[in-house]
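Chains as they are written, first to last, in our numbering: chain A, 58 to 285; chain B, 177 to 691.
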């Protein structure tokens, strides 16, 4: 285990998961710390000051969403949720409570590494970067200007806001609720159809093939993610 | 006073048969008028006959109060006639000597008519008030009784019993047990005569919503009356009423009371049916919830080991070049253990399914208990490492008729449970003894014991005592219970004096052995 690699706290009550993550993350240069309950997680947070937290949603003493909420009161450390498919609602609740990303069990180490890198990048990224680029898409925030393959794209104000919010959280899952609140404001959190319609329009304008998007990716049942 | 009492009884009987007709009534009327005559007779000739009218007025009032309107009119007319014959000269003749007596006759007749009418009215009002009061009391009594009951059967029984005591009639109640189903007999009084005709009538009432019987068309009047029990436009049941043989027919004043009963019973029936529906819906909902919980629990338990195995394999596959020997060993060990765990879980689930499907066949052969315990412990050498396990099986303990393979599974599950719920250095004790016709097998640990809240559900499917660091599916003990039940034995748990838990299995010794 690298002495000065990024510090990761793995919170899971399954010993086997902790054990394999310790080995697999260790070879990638991460320093791995472990906790098996919500209480232990909070103690470990203070003691080890991790750079990233991997949090299982079903802990014996408290729900992962509760752990997320309590951590978010004083820490902005990236939190990646681990869940099994049946915990869909809990997963969304944890994301709404401030978690950054999620992985559904079973997952491959490759997927996990990608999520970890994306989370780290967001932390190190300077805030308020004026220009986002991804493949052929360029979003110039200062001039409210969007181009795909060098050609200017005309967006409605709502579509532009939506794209800006998604791009500024590139790699991170944003739940329906979070997007609606960011773009439309408080009180629109339940109007998922608004979001669907605007995402569809936006995709037709920026995606080369709207049915197989490369920029705005759908997270089924949860929300959307801007590719990173 | 005694004569008066006798008279009262006579009056009552005269009224009871039929208070507007009957020869007894008129005979009694004649007797009273005669008595008035006898009272006046000694005074005849001494005082003015006009004054002798008074006893007749008294007689008329008595007749009016006791016997009713028509006997009173009869008494008035008879009094005038007898007064004329007995007290007005010339005696014993209808002829009247003095014309002024015609005025007396007219006065006597008029006054007695008016008095009798007033007395009759007063009596009728009193009777009506009494009846109303009795009916109100009976209705109140019924509604109070019915309000306390929620179950259909109880409501039905209370209703027919009440009709029986209040109306002195036999009764039966018919209702569909759930809305839309055919009408069935819910309850009846012991004297109710039920025949094929009854059901024909009940169905007719349900179909037409109209009463059939004494107050409506019915081929045989004595067969009673069938009232629809209505709430709104729906017929929720049928109340059948049969007069007792002594009564022959229901008195008309019971009519309104019966209708009152019918509407009270209808409301109670509807309430009972709604409560039944609600109960049913709640049960369905709970069953559904439980099934979802079970499904979630199983899929969670299946996926968790899979997650570790998949993760390990992906790590070996993608990062093979990064792993040193120690890391590789650690990863394969993890996957290996999880695969075994998955296998145990699948085995448990299959066993559970077999048990529940009744597909488990117990093959009894004489089994040496020492051998059984040894075989079980031999299946879990890794788990027992570093544990102090004492086995105490008496040498003189004879063989027991058991299914060896299944019972090994039970012992493994009990020991596994004890290992999981006690510290890794706590000693374990397995013992057996013969008690009466049973062999008692006990596995005792020095763990934290059984929490009081878990005692009831310890052997339930998927139930687990939540303790940090303890993994499991909550199937082991319920499978053990299934196997022990199949052996006609018993399994139970208790806390051990001095700390820890004790699980006992009692198996009958007198079961037949398979040849």
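From the three backbone atoms N, C-alpha and C, an ideal C-beta is built for every residue, glycine too.
None of the values given here were measured: they were computed from a predicted structure.
- From the beta-carbon of residue 164(A), the residues of chain B found nearer than 9 angstroms are 483, 486, 487 and 490.
- Listed by position along chain A, the residues whose Cβ is nearer than 7 angstroms to that of residue 499(B) are 84.
- Taken through DSSP and simplified to helix, strand or coil, residue 444(B) comes out as helix.
- About 7 angstroms separates the beta carbon of residue 592(B) from that of residue 556(B), a gap short enough to meet the 8 angstroms contact definition.
- Between residue 445(B) and residue 331(B), the C-beta spacing is below 8 angstroms.
- Between residue 109(A) and residue 160(A), the gap from beta carbon to beta carbon reaches 8 angstroms or more.
- With its beta carbon less than 8 angstroms from one in chain B, residue 81(A) belongs to the interface.
- Leaving aside the five residues that flank residue 266(B) on each side, the residues in its chain whose CB is nearer than 8 angstroms to its CB run, in chain order, 273.
- In the DSSP assignment, residue 636(B) falls outside any beta strand (DSSP E) and carries neither an H nor an E.
- If you check each beta-carbon in the region 500 to 517 of chain B against every beta-carbon of chain A, the ones closer than 7 angstroms belong to 503, 506, 507, 510, 513 and 514.
- What residue 167(A) touches in chain B, judged by beta-carbon distance under 7 angstroms, is 490 and 494, going in chain order.
- With respect to the C-alpha of residue 565(B), the residue from 283(B), 575(B), 553(B) and 576(B) having the closest C-alpha is 553(B).
- In the DSSP assignment, residue 158(A) forms a beta bridge with 137(A).
- Excluding five sequence positions before and after residue 635(B), the CB atoms of its chain that fall closer than 6 angstroms to its own CB belong to 653, 654 and 657, given in chain order.
- Comparing C-alpha distances from residue 387(B) to each of 369(B), 363(B) and 416(B) shows the shortest one belongs to 416(B).
- Runs of beta strand (DSSP E) with 3 or more residues, each lying fully within the region 214 to 259 of chain A, are found at 230 to 232, listed in chain order.
- Here the alpha carbons of residue 294(B) and residue 406(B) stand approximately 41 angstroms from one another.
- Look at the region 211 to 291 of chain B and you find these whole runs of alpha helix (DSSP H), each 4 residues long or longer: 229 to 243 and 245 to 263.
- By the criterion of a C-beta distance shorter than 8 angstroms, residue 507(B) is surrounded in its chain by 488, 491, 492 and 499, once the five residues flanking it on both sides are discounted.
- Counting C-beta atoms within 10 angstroms of its own C-beta, residue 235(A) has 16 or more neighbours from the protein chains shown and is therefore classed as buried.
- A direct Cα-Cα distance of roughly 7 angstroms separates residue 315(B) from residue 436(B).
- If only uninterrupted alpha helix (DSSP H) runs of at least 4 residues are considered, those enclosed by the region 289 to 359 of chain B are 328 to 343.
- In the displayed model, residue 198(A) falls within coil according to three-state DSSP, outside both helix and strand.
- Cβ-Cβ separation between residue 517(B) and residue 481(B): approximately 5 angstroms, consistent with a contact (criterion under 8 angstroms).
- Contact annotation: in the region 621 to 643 of chain B, residues whose CB is within less than 9 angstroms of a CB in chain A are 642 and 643.
- Taking one beta carbon from each stretch, the region 200 to 215 of chain A and the region 196 to 211 of chain B have fewer than 3 pairs nearer than 8 angstroms; the two do not touch.
- Exposed is the label assigned to residue 320(B), since fewer than 16 other Cβ atoms lie within 10 Å of its Cβ.
- Within its own chain, the residues whose Cβ lies closer than 6 angstroms to the Cβ of residue 670(B), once the five positions on either side in sequence are excluded, are 678, listed in chain order.
- Here residue 69(A) is buried. Its C-beta has 16 or more other C-beta atoms within 10 Å.
- In this structure, DSSP gives residue 116(A) a state outside helix and strand, which the three-state scheme calls coil.
- Check the Cα spacing between residue 274(A) and each of 224(A), 244(A) and 97(A): the tightest is with 224(A).
- A residue is called buried once 16 or more other Cβ atoms fall within 10 Å of its Cβ, and residue 124(A) is buried on that count.
- Using a 10 angstroms sphere on the CB of residue 269(B), the tally of other CB atoms stays under 16, which defines it as exposed.
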